[in-house]
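Have a look at the structure below before the remarks.
Protein chains: 2
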Amino acid sequence: RHNINITAIAQGASERNISFVIDAAQQARALNIIHQAFFEIRKRLSLVVIGVGNIGSTLLGQLRAQRSHLLARGFDVTVVGLANSKKFVLNPRGIDLARWRQRLAASRRRMIPQVLAREISKLELTDAAIVDCTAAESVVAAYPDFVRANLHIITPNKRANVLPRSEYAALMELLQSRQKYFLDEANVGAGLPIMSTIRDLIASGDVIKRIEGIFSGTLSYLFNNFDGSVPFSALVKDAWRRGLTEPDPRDDLSGQDVARKLLILARQAGAQLDIADVDVETLVPPKLAGGPFSERFFGALARFDDKMAARLKRARSHDAVLRYVGSLAGGRARARIQEFRWDHPIAMTKGSDNIIAFNTKRYSQTPLVIQGPGAGPDVTAMGVFSDILKLLHYLPH
Amino acid sequence: RHNINITAIAQGASERNISFVIDAAQQARALNIIHQAFFEIRKRLSLVVIGVGNIGSTLLGQLRAQRSHLLARGFDVTVVGLANSKKFVLNPRGIDLARWRQRLAASRRRMIPQVLAREISKLELTDAAIVDCTAAESVVAAYPDFVRANLHIITPNKRANVLPRSEYAALMELLQSRQKYFLDEANVGAGLPIMSTIRDLIASGDVIKRIEGIFSGTLSYLFNNFDGSVPFSALVKDAWRRGLTEPDPRDDLSGQDVARKLLILARQAGAQLDIADVDVETLVPPKLAGGPFSERFFGALARFDDKMAARLKRARSHDAVLRYVGSLAGGRARARIQEFRWDHPIAMTKGSDNIIAFNTKRYSQTPLVIQGPGAGPDVTAMGVFSDILKLLHYLPH
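Residue numbers (the working numbering), protein chains in the order written: chain Y, 45 to 441; chain X, 45 to 441.
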């Protein structure tokens, strides 16, 4: 059944042991099979990975590299489907992760999320999940179809968690009624254990008093390097050239990404907010907010350099630095530039680190702080991988 | 069946809705019951809490306070047993958490862990766990009996994880063969997400390069306050008087607790070490290491104050402070006093904070850092509670 050649077999006289001879090359696999047959703790999980850009392709690499490690723990994870924005491919027996690019390229199936959901449901998989590694609204719009097709959802895509309140509630209700998991650790802070920590705090009865932190790797980088030696607009342009910002840097400077993460945390903490309720300071001057992006933006932004320089100078006169932080306290969510004294943990961030400090009833004297790189394909894929592990544990034997 | 009084009942003509009138006071409970009847996702978990000191009694309070919250999520957690070092009490229908002290006090059953295991197995519970909130070796010695009695294990007790290698491996194998979970988040850093983070890193294929941190709240406090204004021995005595050390402060100063935590992390990272392999610098002068503890210890310790003062002075000449840290790198585990420059995260700890920095293949530019109070009944019980939640998720529907 498992394609292992048994050369010889012998049973002990006491009927308490059975020996057999196999090919040395098949030894590891044979051991796995025996282990599973006796302990029966193997769990199968089928994944459909949507989005094969930076994060998706890194995740596929991690899944491939960890396959034997997962099998040894009794977890049989198979990628049965892949999609980019144009095509999808499905294979219930599993897609060879050494050749997934070719398989996807060879597909003639046009990617329409609702069609993909229907096709997956025809496969009658027992335990399956979509892993949405896009930032697309169109995929989120099809989440209800995926759930009805009997799929769990694992995603770093923040768009579901920031849906208008009624749509968000409807999705959560649908998930619950269908007993499907929605796993979103990488929504905030990539691989940093932020979502799981806030959930554990609340579930164990702690009360969130204040959450404060730096939630944008790009804004972290800009303010960590804004020391007055170079005008702010030049720093932005340099970061843009080096690929450290979004293609349109206004997507970072607007603070909207920070606002989304704050909304996600606020909803976890039980607040009934919508994105419009988050008070956001944009770093994009109003006149530059509209229209398509071009390099001329940086020249226009330079007209506001004096204002930024003055803010930095004022902070320094208070022994402080500037940081773009999100905060949540008293039911109010705010994203803005704030001053922090040099010895404050938020002033000590380096590179493009994220940091989050939880002040709670239990963590009141000194906060619980989590800090580290909160963006990048490697660490984001790790957050997704960690959710795959959670789902494996959650599934019945 | 659920003791809810239905005053009136009506069915819609289309047979698609049923209405009934109930007492307003029973509304929340009725909603829960209906919800569970329809969605059938209720999971039952029976717990036997061993050790009802600071951590155990705080946990019982958290479980009592969170009962309705857990029920609303479909989790029915019942404490069916309690034990201190002298007595135990069992009640398969659940012990009233408002009166657990009286129930335990009224018991006549002598606490012998192996007997408790046998008695629990007679109850034929479906999903059950012991929660070992002791620091006792005698309870750990009975873990195999509990596992054979069909129980999962949840514990902040470090002793199982630092057993000699062969005993440790035998216990882990027994757990696996019986498909029982061993959940130990609160072994290191209390409620801080340290154990889950190191497991996620490794399972997702990251490679640990270096782990460094402060793992003792007491030693953190002592060095955070050692500024030269007061001799080291006087600081220790003051901390002891204020209950911030173990009753015998040599248990903190010996560094053995730090060594144990390092061993636990090292084993998670795959190193084949025993406690004797950890290189520990003790702060207890050899002559003072033996014999029973008395207040005269502090006088004898004072003879070493000059040496500590000289170390502090040398650190300061390097713009550094002293910290007692544990580190793990290149297969080597060390616990000792080290110098850290004032702007290093480890130099920035306050109060009795724990801090841990993971330098890995993935987190190589800047480390993943978790910081906060790593001791105390509230936050330790939270770590245990978080493991109870994990187990609830792991259990089949």
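The beta-carbon is built from N, C-alpha and C at its ideal position, and this holds for glycine as well.
- Here the stretch 125–132 of chain X lies against the stretch 145–160 of chain X, with 3 or more beta-carbon pairs under 8 Å apart.
- The residues I197, A204, L215, in chain order, have a CB closer than 7 Å to that of Y187 of chain X in the same chain once the five nearest residues on each side in sequence are set aside.
- Excluding sequence positions up to five before and after P389 of chain Y, its CB lies within less than 7 Å of the CB of I399, A401, V413, all in the same chain and listed in chain order.
- Across the stretch 303–329 of chain X, no CB contact with chain Y closer than 7 Å is found for any residue.
- Looking from the CA of S248 of chain X, the closest CA among Y:Y438, Y:D387, Y:L107 belongs to Y:L107.
- For the C-beta of L266 of chain Y, not a single chain X residue is nearer than 7 Å; the gap to the nearest is close to 16 Å.
- Contact residues of the stretch 152–178 of chain Y toward chain X are absent (C-beta to C-beta distance below 9 Å).
- In terms of Cβ geometry, V175 of chain X and I308 of chain X do not form a close pair [threshold 8 Å].
- Neighbourhood of P237 of chain X in chain Y, by CB distance below 7 Å: P237, S240, T241, in chain order.
- Less than 8 Å separates the beta-carbon of V423 of chain Y from that of R406 of chain X.
- CA-to-CA, the gap between I164 of chain X and N135 of chain X works out to about 10 Å.
- F429 of chain X reaches chain Y at D244, A247, S248, G249, counting residues in chain order whose Cβ is nearer than 8 Å.
- A contact between stretches requires three or more CB pairs, one per stretch, nearer than 8 Å, and the stretch 423–435 of chain Y meets this requirement with the stretch 230–249 of chain Y.
- Taken through DSSP and simplified to helix, strand or coil, S338 of chain X comes out as coil.
- Here W386 of chain X really is in contact with A364 of chain X; their C-beta atoms are around 7 Å apart, less than 8 Å.
- With a contact defined as Cβ atoms closer than 8 Å, L91 of chain X and A179 of chain X miss out at about 19 Å.
- Rounded to the nearest whole angstrom, the C-alpha separation of R304 of chain Y and K253 of chain X is 34 Å.
- Excluding residues up to 5 positions away in sequence, I198, L227, D228, E229, A230 lie with their Cβ nearer than 8 Å to the Cβ of D431 of chain X in the same chain.
- CA-CA distance, V96 of chain X to Q146 of chain X, rounds to 13 Å.
- Boundaries cannot be given for F270 of chain X, as no alpha helix (DSSP H) includes it and DSSP labels it neither H nor E.
- Along the stretch 84–111 of chain Y, going in chain order, the ones with a CB nearer than 7 Å to a CB of chain X are I85, Q106, A109, Q110.
- Annotation note: the stretch 127–208 of chain X contains the following uninterrupted alpha helix (DSSP H) runs of length 4 or greater, listed N- to C-terminal: 144–149, 157–166, 181–185, 187–192.
- 8 Å or more divides the Cβ of L436 of chain Y from the Cβ of Y225 of chain Y.
- Around the Cβ of D301 of chain Y, a 10 Å sphere holds 16 or more other Cβ atoms; the residue is buried.
- Sequence-distant Cβ neighbours of T241 of chain Y in its own chain, meaning closer than 8 Å and more than five residues away, are F402, L412, I414.
- For R86 of chain X, same chain residues with a beta-carbon under 8 Å away, outside a window of 5 residues either side, are Q80, G118, F119, D120 in chain order.
- The three-state reading of DSSP puts R86 of chain X in coil, since its state is none of H, G, I, E or B.
- In the DSSP assignment, L91 of chain X forms a beta bridge with X:V123, X:A173.
- Taking one beta carbon from each stretch, the stretch 336–347 of chain X and the stretch 256–266 of chain X have fewer than 3 pairs nearer than 8 Å; the two do not touch.
- At a cut-off of 8 Å, the C-beta of G125 of chain Y has no neighbouring C-beta in chain X.
- One finds L236, G416 in chain X with Cβ atoms closer than 7 Å to the Cβ of L412 of chain Y, taken in chain order.
- By alpha-carbon distance to S338 of chain X, the top candidate from X:G314, X:D171, X:D321, X:R285 is X:R285.
- Inside the stretch 253–332 of chain Y, DSSP marks no whole beta strand (DSSP E) run of 3 or more residues.
- Within its own chain, the residues whose Cβ lies closer than 6 Å to the Cβ of A315 of chain Y, once the five positions on either side in sequence are excluded, are G375, listed in chain order.
- As a beta-bridge residue in DSSP terms, F226 of chain X pairs with X:I197.
- Under DSSP, the beta-bridge partners assigned to V413 of chain X are Y:Q415, X:A401.
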